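Student:
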Amino acid sequence: MHSQLLLALGLHSALATGFPLHPTRSDPCAAISNSTWVKPSELHSCLSYFPFNTTLRDNVVDVLSKTFDQFHTSTRFHLDMPEPYKDITIDILGELQRIKQSTYSSDFELHQDISRTIKRLGDGHAGYINYCYDSLFITYLPFPLAVLAQPGNEDIQNIHIVPEASEIARKEFGGGALNIWHSALGRNLSDFDGARIVSIQGQDPWTAVDAYAAISGGYQSKTTRQNNFFSSYQIPGYRMGDFAQSALPIRGDSVSLTLVRNGSTSEETYNVPYLSRKEREIRNFTNASELWDNNCQAKALTNGRSLVGRISVAQAKTTLTQGGGSPISPEDHYSAPARFQSDPIIPRVHRGRRLAVSSLVNDGPQLDITLPEHLVPTGNVSGAGDMHWQVFTCGLDPLRIFDWYTTPVLQQNALDGLDAVKSKGTSRLLIDVTNNGGGTICLASWLHRVLAGPEPGLDFQPGMNGSIRARELPRKIVDAITSDRTGLGALELIDSFYTPSEWKDVDNKAFPANYNWLEPGLDIQINGITDLFSQRIGDTCLPFHLDPPTTRPFEFENIAIMSNGRCASSCSLFSILMHTKYNVKTVVVGGKPGTTQQYCGVVGGQSSNFAQMDSELKTFGLKNESLSPPDFLTHSLQGRPVLPRVYIPPSNVKVGITWRLAFSPADSSTFEEFESHPAQYVFPLLPSTVNNPKALWSDVSKRLWMD
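Here you go:
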């Protein structure tokens with residue numbers, strides 16, 4: 001089952017210097033170098049051509065182990081996770097040591113083991129990507145799926161091919177792939193639109209869903225990871241789902257589907273070919289040697305760089321970016337997103353303040369396919385960036401992501417959008433955060449303050465208090481800053497996550513520049529182990545750039561937040577605050593019938609990545625400490641997520657971490673990350689509403705408010 005169905009999900013362990021190959025095998029990479037579409041088995045042969053190398057294995061494991069040990073906040077919590085997250089219990093440091101003692105048939109097999117292991121954390125902040133392998137080619141099926149209820153009898157729900165499947169395939173894949181699928185199936189793809197799935201590989205389709213959910217990662221909740229399997233929208237993008245799109249080649253070149261087509265009552269079985277398409281962003285190659293040199297070796301952005309060096313480059317040549325951002329240099333690629341990510345590798349500074357972010361790590365393009373034009377909502381009354389306001393029976397704010405790039409513009413748009421929908425006479429607000437992977441934390445705080453009005457306490461904390469891990473290296477970084485051993489000025493230090501004056505206490509008072517805010521720390525008992533965290537950190541967003549409204553725009557009972565459960569990071573911070581403090585309605589659409597759906601997940605508090613932490617160590621002279629992770633030798637990434645807004649050379653490895661955890665607004669003695677967030681309402685998807693946002697919004701509104 002697993003060998004036929006599961007993604008070879010991965011991080012990456014590329015190779016470093018030199019170019020080891022299997023000397024007795026012909027070059028399978030040359031055979032696919034000029035092809036846009038290939039069989040997964042052909043791609044697998046190419047990726048498996050690079051032999052296992054113990055130096056590279058040890059390097060990747062050491063970077064991951066030491067980064068998670070010193071900087072990732074959740075490492076010890078995962079030793080025994082609470083319900084409903086018990087299935088993501090894992091000793092991640094122990095598992096990485098297992099990998100370090102293991103041998104593999106190829107470097108690619110090593111990569112798959114590392115990738116699956118990190119994904120077992122179910123933490124979208126803690127990602128690992130190897131651009132040598134992940135999404136070099138993307139593997140597709142023409143049949144995105146969804147759980148649909150039977151119109152008129154919603155108690156009957158089954159897994160179906162979505163009604164728009166053939167339209168997506170025609171629009172996105174071109175004649176070559178369509179001809180292969182048509183020839184293999186003996187029918188037009190449109191004949192399968194809406195078909196009910198009876199079995200996958202001869203087994204109940206939910207067996208396949210659960211197999212994918214066991215390794216897909218990204219979210220703590222199993223039900224949300226199940227939802228990853230299915231197609232969904234992120235306006236204007238279209239997400240195929242894990243069944244129909246994967247970042248690594250599937251084991252096997254086809255999948256057996258037994259189904260019942262629309263208008264038929266008989267079961268039919270088809271072997272549907274997987275096809276792997278070369279990613280547009282990869283560097284071209286004609287053989288394995290060029291593939292390795294161009295895509296697998298460590299690049300300029302793979303590892304960190306002294307913050308002093310970044311500042312000196314920026315001072316030499318600066319340009320202003322869109323949205324009023326701080327000056328950056330065209331050569332300073334750390335200030336733009338890495339490949340497939342939405343936020344800068346090292347957070348931007350705006351008006352003298354670092355823009356803290358909390359967002360997910362993706363190992364492939366999430367929005368390379370778009371909704372069919374007739375399904376894209378029209379009629380915005382206001383909009384900017386990823387926030388758009390519409391009016392039907394109630395006000396509607398589809399919020400795609402808490403975007404870092406134009407935060408002041410989005411803050412103003414929140415005010416303009418509310419004014420626009422209120423001027424139309426609306427008295428209710430439905431906020432769609434489907435597939436919202438987070439972004440700028442202060443935008444989440446701003447939306448909370450705008451919608452809540454001048455509630456008590458929001459004048460000094462519109463977000464959540466938090467704490468970071470205060471292990472040996474973080475304490476040495478802060479000690480170097482407060483003892484002025486570096487000779488760095490305010491300009492250099494503003495990019496450091498550990499600069500005292502960048503933080504406030506819970507009473508909204510900024511720490512003095514020479515204040516060691518990690519001493520003394522908080523001793524927190526985690527699964528029988530004492531771990532040291534910082535004192536509580538308060539607001540990081542006030543004062544806002546704009547004046548918030550003096551009145552509440554909508555009554556709380558007239559606000560609802562809806563999604564497919566895939567609301568994470570700063571989206572979770574916003575949703576939890578609105579629900580916990582004011583009982584705003586929470587809705588999840590779709591999912592497995594009879595299960596408890598989580599309205600959000602992967603709360604975190606603030607995310608970061610290896611490159612940022614590595615920059616801290618190099619800035620403060622700690623890189624040679626025994627606890628410090630080495631530089632990656634591979635083209636890997638440990639960090640945060642979406643496609644770059646501007647082209648930058650991609651960093652080949654990305655490793656992400658949760659750097660700060662938020663305390664629960666309901667119980668200040670616990671971290672919100674490990675709390676359950678069950679949705680108040682779970683509504684089914686229908687053939688008429690699936691991936692049709694405007695129809696879905698109308699349906700959800702009627703079910704909520706019975707209009």
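If you count the sequence shown from 1, position 630 lands on 630 in UniProt numbering, and the numbers rise without skipping. The beta-carbon is built from N, C-alpha and C at its ideal position, and this holds for glycine as well. Model, not experiment: these values are computed from the prediction.
1) So, for R57: in the same chain, excluding its five sequence neighbours on each side, which residues have a beta-carbon less than 6 Å away from its beta-carbon?
2) Among the candidates L532, T103 and H545, whose CA atom is the shortest distance from the CA of C442?
3) Kindly list the residues whose CB is nearer than 8 Å to the CB of A510, restricted to its own chain and excluding five residues on each side of it in sequence; keep chain order.
4) Would you kindly work out how many angstroms separate the C-alpha atoms of L185 and Y270, rounded to a whole number?
5) Give me, in chain order, the residues of the same chain whose beta-carbon lies closer than 6 Å to that of A444; leave out the 5 immediate sequence neighbours on both sides.
6) Let me make sure I understand the geometry here. Which of F77, Y128 and I561 has the alpha-carbon closest to that of I529?
7) Taking 8 Å as the cut-off, does the region 265–284 touch the region 137–145 (at least 3 CB pairs, one atom from each stretch)?
8) Starting from E154, trace the beta strand (DSSP E) in both directions and tell me its first and last residue.
9) For M562, which residues does DSSP report across the bridge?
10) Under a three-way DSSP split, which group does R225 fall into?
11) Just how far apart, CA to CA, sit L617 and N516?
12) Within the 9 Å Cβ cut-off, does S33 reach chain B?
13) What are the boundary residues of the beta strand (DSSP E) that includes V682?
14) Rounded to the nearest angstrom, how far is the Cβ of N287 from that of S33, given a contact under 8 Å?
15) What's the gap between the Cα of L704 and the Cα of Q525?
16) Does DSSP classify Y128 as helix, strand or coil?
17) What's the gap between the Cα of N692 and the Cα of F173?
18) Identify the continuous beta strand (DSSP E) that holds Y233 and give its terminal residues.
19) To which residues of the same chain is F52 closer than 8 Å at the C-beta, ignoring the five residues directly before and after it?
20) So what does I168 bridge to, in DSSP terms?
21) If E492 and V308 are in contact, beta carbons under 8 Å, what's the gap, nearest whole angstrom?
22) Does the count of Cβ pairs from the region 469–485 and the region 593–609 closer than 8 Å reach three?
23) Does the region 530–542 touch the region 554–567, meaning 3 or more C-beta pairs lie closer than 8 Å?
24) Measure the C-alpha to C-alpha separation of E281 and M706 and round it to an integer number of angstroms.
25) Mind the definition here: the region 121–129 touches the region 148–156 only if three or more C-beta pairs lie below 8 Å; say whether that holds.
26) Around the Cβ of R239, are there at least 16 other Cβ atoms within 10 angstroms (buried) or fewer (exposed)?
27) Since S232 and N435 are thought to touch, with beta carbons under 8 Å apart, how far apart are those beta carbons, to the nearest angstrom?
28) From L415 to G453, what does the alpha carbon distance come to, in whole angstroms?
29) Closer than 7 Å by C-beta to V433: which residues in its own chain qualify, once you throw out the five before and the five after it? Chain order, please.
30) DSSP three-state label for G324, please.
31) Any idea what DSSP makes of S216, helix, strand or coil?
32) Would you tell me roughly how many angstroms separate the C-alpha atoms of Q297 and M578, rounded to the nearest one?
33) Report the residue from L447, S496, Q535 and D495 whose alpha carbon sits nearest the alpha carbon of N465.
34) Which two residues bound the contiguous beta strand (DSSP E) that contains D539?
35) Give every residue of the same chain whose Cβ lies closer than 6 Å to the Cβ of P163, excluding the five residues on either side of it in the sequence, and list them in chain order.
36) Does DSSP put T139 in a helix, a strand or coil?
Tutor: Checking against the coordinates, here is how it stands:
1) One-based indexing of the sequence shown puts residue 57 at position 57. Correct list, in chain order: L110.
2) In the sequence shown, the residue the question calls residue 442 occupies position 442. If we check each option's Cα against that of C442, H545 comes out closest.
3) As a working mapping, residue 510 is identified with position 510 in the sequence shown. Within the same chain, A510 has close Cβ partners S501, W503 and K504.
4) Taking the sequence shown and counting its residues from 1, the one referred to as residue 185 is at position 185. Taking the sequence shown and counting its residues from 1, the one referred to as residue 270 is at position 270. Roughly 6 Å between the two C-alpha positions.
5) Working through the sequence shown from its first residue, we reach residue 444 at position 444. Result list for A444: F402, S570, L573 and F574, in chain order.
6) The count along the sequence shown starts at 1 and reaches residue 529 at position 529. The candidate whose alpha carbon is nearest that of I529 is F77.
7) yes
8) For this step, residue 154 is matched to residue 154 along the sequence shown. Residues N153 to I161.
9) In the sequence shown, the residue the question calls residue 562 occupies position 562. Per DSSP, D432 and V587.
10) On the sequence shown, residue 225 is found 225 positions in, with the first residue counted as 1. If DSSP states are grouped into helix, strand and coil, R225 belongs with the helices.
11) Numbered from 1 along the sequence shown, position 617 holds the residue referred to as residue 617. Numbered from 1 along the sequence shown, position 516 holds the residue referred to as residue 516. Going by the C-alpha atoms only, they are around 17 Å apart.
12) Absence of chain B from the displayed structure is noted, only one protein chain being present.
13) By one-based count along the sequence shown, residue 682 stands at place 682. First-last of the beta strand (DSSP E) with V682: Y681 to F683.
14) In the sequence shown, counting from the first residue as 1, residue 287 sits at position 287. In the sequence shown, counting from the first residue as 1, residue 33 sits at position 33. About 7 Å separates the two Cβ atoms, so the contact holds.
15) As a working mapping, residue 704 is identified with position 704 in the sequence shown. As a working mapping, residue 525 is identified with position 525 in the sequence shown. Each residue's Cα considered, the two are about 42 Å apart.
16) Reading the sequence shown from its first residue, position 128 is the one you call residue 128. Y128: strand per DSSP, three-state reduction.
17) Your numbering for residue 692 matches position 692 in the sequence shown. Your numbering for residue 173 matches position 173 in the sequence shown. For N692 and F173, the distance between alpha carbons rounds to 21 Å.
18) Reading the sequence shown from its first residue, position 233 is the one you call residue 233. Start and end: S232 to Q234.
19) Position 52 of the sequence shown, counted from the start, is the residue given in the question as residue 52. Cβ within range, chain order: T103, Y104, S105, S106, D107, E109 and L110.
20) Along the sequence shown, read from residue 1 onward, the residue named residue 168 stands at position 168. DSSP output for I168 lists no bridge partner at all.
21) Residue numbering aside, residue 492 sits at position 492 when the sequence shown is read from its first letter. Residue numbering aside, residue 308 sits at position 308 when the sequence shown is read from its first letter. Yes, E492 and V308 are in contact; Cβ-Cβ is about 5 Å, under 8 Å.
22) no
23) no
24) Residue mapping note: residue 281 aligns to position 281 of the sequence shown, counting from 1. Residue mapping note: residue 706 aligns to position 706 of the sequence shown, counting from 1. Going from the Cα of E281 to the Cα of M706 covers about 47 Å.
25) no
26) Position 239 of the sequence shown, counted from the first residue, corresponds to residue 239. With 16 or more Cβ atoms within 10 Å of its Cβ, R239 is classed as buried.
27) Counted from its first residue, the sequence shown places residue 232 at position 232. Counted from its first residue, the sequence shown places residue 435 at position 435. Right, the Cβ-Cβ distance comes to about 6 Å (below 8 Å), so this counts as a contact.
28) As a position in the sequence shown, residue 415 is number 415, starting the count at 1. As a position in the sequence shown, residue 453 is number 453, starting the count at 1. Each residue's alpha carbon lies about 12 Å from the other.
29) One-based indexing of the sequence shown puts residue 433 at position 433. Here the set comprises L399, I561, S563, C567, C571 and S575.
30) As a working note, residue 324 is residue 324 in the sequence shown. Interpretation of G324 is limited by its pLDDT of 36, a score under 50 that renders its predicted location unreliable; the figure taken from the coordinates is listed afterwards. Coil at G324, not helix or strand.
31) Against the sequence shown, residue 216 aligns to sequence position 216. DSSP places S216 in helix when its eight states are reduced to three.
32) To locate residue 297, count along the sequence shown from 1; it is residue 297. To locate residue 578, count along the sequence shown from 1; it is residue 578. Those two C-alpha atoms are separated by around 45 Å.
33) Working through the sequence shown from its first residue, we reach residue 465 at position 465. If we check each option's Cα against that of N465, Q535 comes out closest.
34) Along the sequence shown, one-based indexing puts residue 539 at 539. Unbroken run through D539: none, as it is neither H nor E.
35) The residue you call residue 163 lines up with position 163 of the sequence shown. Here the set comprises D193, G194 and P687.
36) Walking along the sequence shown from the start, residue 139 turns up at place 139. Strand, per DSSP.
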